[in-house]
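Some notes on the structure that comes next.
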(Lines of atoms letter the chains of each structure in order from A and count residues from 1; the text may use other names and numbers.)
(Lines give C-alpha, C1' and ligand atoms only; values in the text may rest on other atoms or scores of the structure.)
Protein backbone atom coordinates (compact mmCIF):
# COMPACT_ATOMS: atom_id res chain seq x y z
CA UNK A 1 0.00 0.00 0.00
CA UNK A 2 1.34 3.40 -0.97
CA UNK A 3 0.22 6.98 -1.05
CA UNK A 4 -0.75 8.61 -4.32
CA UNK A 5 2.08 10.12 -6.34
CA UNK A 6 5.28 10.13 -4.32
CA UNK A 7 4.53 6.79 -2.69
CA UNK A 8 3.82 5.19 -6.05
CA UNK A 9 7.01 6.59 -7.51
CA UNK A 10 9.01 5.21 -4.58
CA UNK A 11 7.61 1.72 -5.22
CA UNK A 12 7.70 1.67 -9.02
CA UNK A 13 11.18 0.12 -9.36
CA UNK A 14 10.27 -2.77 -7.08
CA UNK A 15 7.01 -3.30 -8.96
CA UNK A 16 8.82 -3.26 -12.31
CA UNK A 17 11.17 -5.90 -10.96
CA UNK A 18 8.24 -7.99 -9.75
CA UNK A 19 6.62 -7.70 -13.17
CA UNK A 20 9.76 -8.81 -15.00
CA UNK A 21 10.31 -11.73 -12.61
CA UNK A 22 6.64 -12.85 -12.60
CA UNK A 23 6.12 -12.12 -8.90
CA UNK A 24 2.51 -11.44 -7.89
CA UNK A 25 2.07 -8.21 -5.92
CA UNK A 26 -1.13 -6.37 -5.04
CA UNK A 27 -0.31 -2.64 -5.09
CA UNK A 28 -3.04 -0.61 -3.39
CA UNK A 29 -2.77 3.14 -3.85
CA UNK A 30 -4.63 5.54 -1.58
CA UNK A 31 -5.56 8.49 -3.79
CA UNK A 32 -7.58 11.72 -3.68
CA UNK A 33 -11.37 11.56 -3.70
CA UNK A 34 -13.31 11.02 -6.90
CA UNK A 35 -14.69 14.57 -6.56
CA UNK A 36 -11.18 16.05 -6.33
CA UNK A 37 -10.11 14.05 -9.35
CA UNK A 38 -13.18 14.95 -11.39
CA UNK A 39 -12.66 18.65 -10.62
CA UNK A 40 -8.92 18.52 -11.40
CA UNK A 41 -8.11 20.12 -8.06
CA UNK A 42 -4.59 21.28 -7.24
CA UNK A 43 -3.56 18.93 -4.43
CA UNK A 44 -0.45 17.81 -2.59
CA UNK A 45 1.39 14.93 -4.35
CA UNK A 46 0.02 15.85 -7.79
CA UNK A 47 1.94 17.42 -10.66
CA UNK A 48 -0.39 20.42 -10.44
CA UNK A 49 -1.78 19.86 -13.92
CA UNK A 50 -5.16 18.35 -12.96
CA UNK A 51 -4.21 14.94 -14.39
CA UNK A 52 -4.72 12.35 -11.67
CA UNK A 53 -3.88 9.45 -14.01
CA UNK A 54 -0.19 10.24 -14.59
CA UNK A 55 1.12 7.78 -12.01
CA UNK A 56 -1.48 5.11 -12.83
CA UNK A 57 -0.45 5.36 -16.48
CA UNK A 58 3.15 4.70 -15.46
CA UNK A 59 2.10 1.68 -13.44
CA UNK A 60 -0.05 0.32 -16.27
CA UNK A 61 3.15 -0.67 -18.07
CA UNK A 62 4.21 -2.93 -15.18
CA UNK A 63 0.84 -4.30 -14.01
CA UNK A 64 -1.34 -7.02 -15.50
CA UNK A 65 -4.52 -5.31 -14.26
CA UNK A 66 -5.54 -1.79 -13.25
CA UNK A 67 -8.55 -1.36 -10.96
CA UNK A 68 -9.71 2.18 -10.29
CA UNK A 69 -12.34 1.82 -7.58
CA UNK A 70 -14.54 4.80 -8.46
CA UNK A 71 -17.97 3.13 -8.48
CA UNK A 72 -19.25 1.24 -5.40
CA UNK A 73 -21.44 -0.97 -7.61
CA UNK A 74 -18.35 -2.31 -9.41
CA UNK A 75 -15.77 -2.43 -6.61
CA UNK A 76 -16.23 -6.07 -5.56
CA UNK A 77 -16.05 -7.29 -9.16
CA UNK A 78 -12.98 -5.16 -9.87
CA UNK A 79 -11.14 -6.42 -6.79
CA UNK A 80 -11.99 -10.06 -7.51
CA UNK A 81 -10.81 -9.71 -11.11
CA UNK A 82 -7.57 -7.99 -10.06
CA UNK A 83 -6.79 -10.74 -7.53
CA UNK A 84 -7.64 -13.41 -10.10
CA UNK A 85 -5.30 -11.89 -12.69
CA UNK A 86 -2.53 -11.37 -10.13
CA UNK A 87 -2.69 -15.07 -9.24
CA UNK A 88 -3.10 -16.49 -12.75
CA UNK A 89 -0.57 -14.25 -14.49
CA UNK A 90 1.78 -14.09 -11.49
CA UNK A 91 2.33 -10.39 -12.00
CA UNK A 92 1.58 -7.18 -10.07
CA UNK A 93 -1.86 -5.57 -10.10
CA UNK A 94 -2.69 -1.94 -9.35
CA UNK A 95 -5.71 -1.00 -7.23
CA UNK A 96 -6.48 2.72 -6.91
CA UNK A 97 -8.64 3.49 -3.86
CA UNK A 98 -10.00 7.05 -3.64
CA UNK A 99 -10.46 8.41 -0.12
CA UNK A 100 -14.22 8.82 -0.55
CA UNK A 101 -14.64 5.12 -1.43
CA UNK A 102 -13.01 3.81 1.77
CA UNK A 103 -16.20 3.83 3.84
CA UNK A 104 -18.70 3.08 1.05
CA UNK A 105 -20.81 -0.02 1.51
CA UNK A 106 -20.60 -2.51 -1.31
CA UNK A 107 -22.54 -5.64 -2.19
CA UNK A 108 -21.26 -8.59 -0.16
CA UNK A 109 -22.85 -11.43 -2.13
CA UNK A 110 -19.61 -12.02 -4.07
CA UNK A 111 -17.97 -13.16 -0.83
CA UNK A 112 -20.00 -16.37 -1.07
CA UNK A 113 -18.41 -17.26 -4.41
CA UNK A 114 -14.73 -18.21 -4.47
CA UNK A 115 -12.57 -16.45 -7.04
CA UNK A 116 -11.96 -18.75 -10.01
CA UNK A 117 -8.20 -19.31 -10.04
CA UNK A 118 -8.18 -22.01 -12.72
CA UNK A 119 -6.12 -21.29 -15.80
CA UNK A 120 -7.85 -21.66 -19.15
CA UNK A 121 -7.08 -25.04 -20.75
CA UNK A 122 -4.69 -25.21 -23.67
CA UNK A 123 -6.07 -25.43 -27.20
CA UNK A 124 -5.71 -29.19 -27.96
CA UNK A 125 -4.62 -28.60 -31.57
CA UNK A 126 -1.92 -26.13 -30.59
CA UNK A 127 -0.78 -28.38 -27.76
CA UNK A 128 -0.48 -31.37 -30.12
CA UNK A 129 1.49 -29.23 -32.59
CA UNK A 130 3.95 -28.07 -29.92
CA UNK A 131 4.41 -31.63 -28.64
CA UNK A 132 5.11 -32.84 -32.19
CA UNK A 133 7.64 -30.05 -32.81
CA UNK A 134 9.44 -30.49 -29.49
CA UNK A 135 9.51 -34.27 -29.46
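In full-length UniProt numbering, the protein residues as written are 1 to 135.
Ideal Cβ positions, reconstructed from N, Cα and C, are used throughout, including at glycine.
For residue 98, the secondary structure class from DSSP, reduced to helix, strand or coil, is strand.
Counting only unbroken stretches of 3 or more residues, the beta strand (DSSP E) elements lying wholly within the stretch 26-57 are 26-31, in sequence order. Where residue 18 is concerned, the enclosing alpha helix (DSSP H) starts and stops at 6-20. Non-local beta-carbon contacts of residue 86 in its own chain, meaning distances under 8 Å to residues more than five positions away in sequence, involve 24, 25, 26, 64, 65, 92, 93 in chain order.
Its chain contains 75, 78, 79, 95, 96, 97, 98, 101 as the residues whose beta carbon lies nearer than 8 Å to that of residue 69, once the 5 sequence neighbours on both sides are disregarded; these appear in chain order. Of 73, 82, 128, the smallest CA-CA separation from residue 109 is found for 73. One alpha carbon belongs to residue 14, the other to residue 71, and they sit about 29 Å apart.
For residue 9, the closest alpha carbon among the candidates 118, 18, 58, 20 is that of 58. Contact check for residue 90 against residue 22 passes: the beta carbons are separated by less than 8 Å.
CA-to-CA, the gap between residue 88 and residue 119 works out to about 6 Å. Counting along the chain, the unbroken beta strand (DSSP E) around residue 68 starts and ends at 65-68. With contacts defined by Cβ atoms closer than 8 Å, residue 19 and residue 62 form a contacting pair.
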